[in-house]
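Protein chains in written order, with the UniProt record's numbering: chain A, 1 to 99; chain B, 1 to 99; chain C, 1 to 99; chain D, 1 to 99; chain E, 1 to 99; chain F, 1 to 99; chain G, 1 to 99; chain H, 1 to 99; chain I, 1 to 99; chain J, 1 to 99. Cβ atoms here follow ideal geometry from the backbone N, Cα and C, with glycine treated the same way. The structure appears below as structure tokens.
Number of protein chains: 10
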Amino acid sequence: MEFLVHIEIVWPPDEPEERRAEIFERELAQGQRLAAEGRLRRLWRVPGRWANWSLYDVADATELHACLTSLPLHPWMDITVHPLAQHPNDPLTTREDPS
Amino acid sequence: MEFLVHIEIVWPPDEPEERRAEIFERELAQGQRLAAEGRLRRLWRVPGRWANWSLYDVADATELHACLTSLPLHPWMDITVHPLAQHPNDPLTTREDPS
Amino acid sequence: MEFLVHIEIVWPPDEPEERRAEIFERELAQGQRLAAEGRLRRLWRVPGRWANWSLYDVADATELHACLTSLPLHPWMDITVHPLAQHPNDPLTTREDPS
Amino acid sequence: MEFLVHIEIVWPPDEPEERRAEIFERELAQGQRLAAEGRLRRLWRVPGRWANWSLYDVADATELHACLTSLPLHPWMDITVHPLAQHPNDPLTTREDPS
Amino acid sequence: MEFLVHIEIVWPPDEPEERRAEIFERELAQGQRLAAEGRLRRLWRVPGRWANWSLYDVADATELHACLTSLPLHPWMDITVHPLAQHPNDPLTTREDPS
Amino acid sequence: MEFLVHIEIVWPPDEPEERRAEIFERELAQGQRLAAEGRLRRLWRVPGRWANWSLYDVADATELHACLTSLPLHPWMDITVHPLAQHPNDPLTTREDPS
Amino acid sequence: MEFLVHIEIVWPPDEPEERRAEIFERELAQGQRLAAEGRLRRLWRVPGRWANWSLYDVADATELHACLTSLPLHPWMDITVHPLAQHPNDPLTTREDPS
Amino acid sequence: MEFLVHIEIVWPPDEPEERRAEIFERELAQGQRLAAEGRLRRLWRVPGRWANWSLYDVADATELHACLTSLPLHPWMDITVHPLAQHPNDPLTTREDPS
Amino acid sequence: MEFLVHIEIVWPPDEPEERRAEIFERELAQGQRLAAEGRLRRLWRVPGRWANWSLYDVADATELHACLTSLPLHPWMDITVHPLAQHPNDPLTTREDPS
Amino acid sequence: MEFLVHIEIVWPPDEPEERRAEIFERELAQGQRLAAEGRLRRLWRVPGRWANWSLYDVADATELHACLTSLPLHPWMDITVHPLAQHPNDPLTTREDPS
């Protein structure tokens, strides 16, 4: 099941740069792990903000919760989850369907 | 440039079924045309509502406007557009990038 | 997967009483069918409104969408879906779990 | 009387892990006590957030307030309470009602 | 249990005056019946609007729902219910309590 | 003139318990003074929150402001004031009115 | 007591011009009556909208309600009332106060 | 003084096409008149909606109101006005300022 | 041109009383200066809050900005500005206009 | 492609003046650089707030994100981006178009 996820990062402006760099690096690695597992499918930036939209493909909301809380920046994230139902006209599925 | 688009359809509950069927069919055809042109990339239903999330890949907001207003149901649509910036960790691009 | 669903019914105040009675009866029957199938688990009224909260247990958002659009009152419903993740301390599961 | 309760936990991201663990353990114990007393009936996580939905069955809003303020994490909780009225078609009661 | 109830009346501006007068009279009578039964305790107007705040004292949300849907204007009402818990310093109860 | 007042208390979760107890006691005393003067007429808790609804009977908004700012917890309060107009069917006045 | 009043007029775009002109003239006359009585003190337009801000000086919310419902356009108005408390530094009163 | 203006057009989906074309043409002409007078400076579409952002340069809010209500589509417009103050670093003025 | 200004003061509850007194005194003096210059015309308190409504008469938004940022409390203020257009029926101008 | 950008600066009121001056100077320089490059086209102040509206002309949302995050005050900014589509009646383009 796919979920559209909006993440806003609320990071204190005066945090030392090293701490941001360190946690950012771990965040990047964990994001790549989720992508390699096929759970995180797409990731976009919200222009102008430290925020993003992402597309997850997981079994259910419980697995999604496990993915999102595994992110090192999770304690600083304000997350909104949009459950997605399949649309019969989704180009991805109609393209893949030879009939 | 990619855009995430949220469309809510405000359709009068008492409209005759034939009219709905006729406009729905034209909507379907135009959606397939936009998909075939590579502009409409993904399409999901918002569960429980006559609403959807879609992902467009177009030159800019002017082309996006032309796509959206070409939809036969456009006069009944309440549309919100979210511009997307590329994220360096987007699984799609990192997967495609062999370097 | 469970979903918490909030439904607000927007019904024209001047609709003839017979029409309301007829559609209400069909709504009742379809609700009982969903309950018998184990998909609709709980149903509460929002006091003072023609609105309700319900608890669904279905495979995913696609099946939930099918359930909700099967309701005869669906064209008059304004529906908001809240996906639910399992909580390790949910009394239902801890009660059922002898370990 | 049943109440649907939405709880959002606003916990400082930089709080020491031990403090979180200690208060979390006490929270768990108190939640189990409320469940054993039959007041807390269900508990779900909001995916992606430190937040939950819960279902309480208590005498009235005064007893509900006592339950919620007994939770060790209460000073960090942002709580919204939805009073619930019985619905004649609630699967729980219709199932239990042999008539 | 007490409930604070906010009611907004959405009445079409062009409805014939006689119809408004007739339904208004029945509304008045039903309000007096609820007051005589001790369920409706206070009633105030929101200045400038066809809206009011009221205070109900009933067994629970189910009885409140029955009261509110018994009002002839109910199909035109937009109602929000605020459940109230007893406050130890409520002047009404401290005044009545000789201890 | 009566006013319905909603007060939300924003108190830092980590404030020492003694300070809370001390200010709370002074708050209680001042609330009783306002009640004894007939200005504060009713007081209810919002279930689950450190918040309340209260009913004031004062000359005007200026006197109400004086009452509310006299509360020791005022600097931590987020207050919303709803002015109330008399309703001809208010049970309190119709009950008291023998005509 | 002064009140700041925001009025939004919701008038059907297709209403015949004569009807609008007729009701507008009566509205104007009633506004002038309220001004002559010293109840309506100021009146401004919200630029771009059929909406206005006004300043009333009346005994209380009950008198304000009577003023506002006396306006011929009242059934088409969406009104929000802001109660005002005197400010010790209000230029009007400090100017008038020779001390 | 400059104003940023957001206009949303609320046009009934079932209005005959000729009526839309006729009013649209008059709208176009009046917009060009305001542009020729130097009052309307810029005009952009909100992608996906029948809505726009515009930039006006007028004496004050009273003149702006006259401009906006002169538009033939005004009865169908939902308008929000943002007053603008000059910014010392506005590229337009710094570019034009040789000092 | 007149502007209606809503100011909310966000002042830390635990700030020393002397600091508040000192800045408050300077705020008072600057407010009187703006009033003496005829820019600040009216000032009211929002009951229950450290907030106010004020009426300014200035050349444009740029001069208004200069007035508001000259207030010593400005860094703690959350300000919303409502531009006002003249209303032909404003009692102030019709009263002053002998024609 | 043009974007309308709303920026709200959330700066701690008690920050030392020198720090504000230093970062402000760097902000000014970077803004001028973006203007010189033709990316930042207009800049206005929101009266009464430390906030602004700006108009950017860039390739896409990715370039816009790079511009906005290059601003030294970015960590203190709350930014909302409005994508703009060309309007056939934009005075700028119709003026420049001799046909």
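DSSP bridge partner residues for residue i (one or two, in chain order)
i, result
"J:L55", "J:L4, J:R42"
"residue 101 of chain F", "The structure shown does not extend to residue 101 of chain F, since chain F is modelled only from 1 through 99, so no value can be given for it."
"D:I9", "D:M77"
Alpha carbon of residue i to alpha carbon of residue j, nearest angstrom
i, j, result
"C:P91", "B:L84", "42 Å"
"F:S70", "I:I79", "25 Å"
"J:Q30", "J:I23", "11 Å"
"B:F3", "B:R26", "23 Å"
"I:W11", "J:W76", "19 Å"
"H:V46", "A:A51", "22 Å"
"B:A21", "B:L28", "10 Å"
"I:P13", "F:E15", "12 Å"
"D:L68", "C:R49", "26 Å"
"G:H82", "I:R41", "18 Å"
"B:G38", "J:N89", "29 Å"
"F:T93", "B:W53", "54 Å"
"E:W44", "G:T62", "10 Å"
"B:L34", "I:L34", "60 Å"
"F:P98", "E:Q32", "Annotation note: pLDDT 49 at F:P98 (below 50); position unreliable, no value reported."
"J:L73", "J:R19", "11 Å"
"J:A66", "E:E8", "48 Å"
"A:Q86", "B:H6", "15 Å"
"A:L64", "H:L64", "51 Å"
"H:A36", "J:A36", "29 Å"
"G:E17", "C:E17", "36 Å"
Per-residue contacts from residue i into chain G (C-beta, under 9 Å)
i, result
"F:A51", "Within chain G, no residue comes near F:A51; the closest Cβ sits about 21 Å away, beyond 9 Å."
Residue i: contacting residues in chain J (beta-carbon distance under 7 Å)
i, result
"I:H65", "R45, P47, G48"
Within chain E, the residues that residue i reaches when beta carbons sit closer than 7 Å
i, result
"G:P75", "P13"
Where residue i meets chain B, residues with beta-carbon distance less than 7 Å
i, result
"C:A61", "P47"
Residue i: contacting residues in chain F (beta-carbon distance under 7 Å)
i, result
"E:P91", "A35, L40, R41, R42, L43"
Chain-ordered neighbours of residue i on chain C, where CB pairs are closer than 9 Å
i, result
"E:L55", "Those within 9 Å of E:L55 in chain C number zero; the least Cβ separation is about 14 Å."
Within chain C, the residues that residue i reaches when beta carbons sit closer than 7 Å
i, result
"A:L84", "A61"
Proximal residues of chain G, C-beta to C-beta of residue i below 8 Å
i, result
"I:E2", "W44"
Amino acids of chain B, ordered along the chain, whose beta-carbon sits closer than 8 Å to that of residue i
i, result
"residue 100 of chain J", "Look at the range of chain J in this structure, 1 to 99, and you will see that residue 100 of chain J is not part of it."
Amino acids of chain K, ordered along the chain, whose beta-carbon sits closer than 9 Å to that of residue i
i, result
"F:T69", "Within the model displayed, chain K is absent; protein chains A, B, C, D, E, F, G, H, I and J are what it includes."
The ligand SAH heavy atom lying under 7 Å from the CB of residue i
i, result
"J:G38", "Looking for the ligand SAH in the displayed structure turns up nothing, as the structure carries no ligands at all."
Given a limit of 7 Å on CB to CB distance, which residues of the region 20–49 of chain G reach chain H? R45, P47, G48, R49
Would you check if there are 3 or more beta carbon pairs closer than 8 Å linking the region 2–20 of chain A to the region 44–61 of chain A? yes
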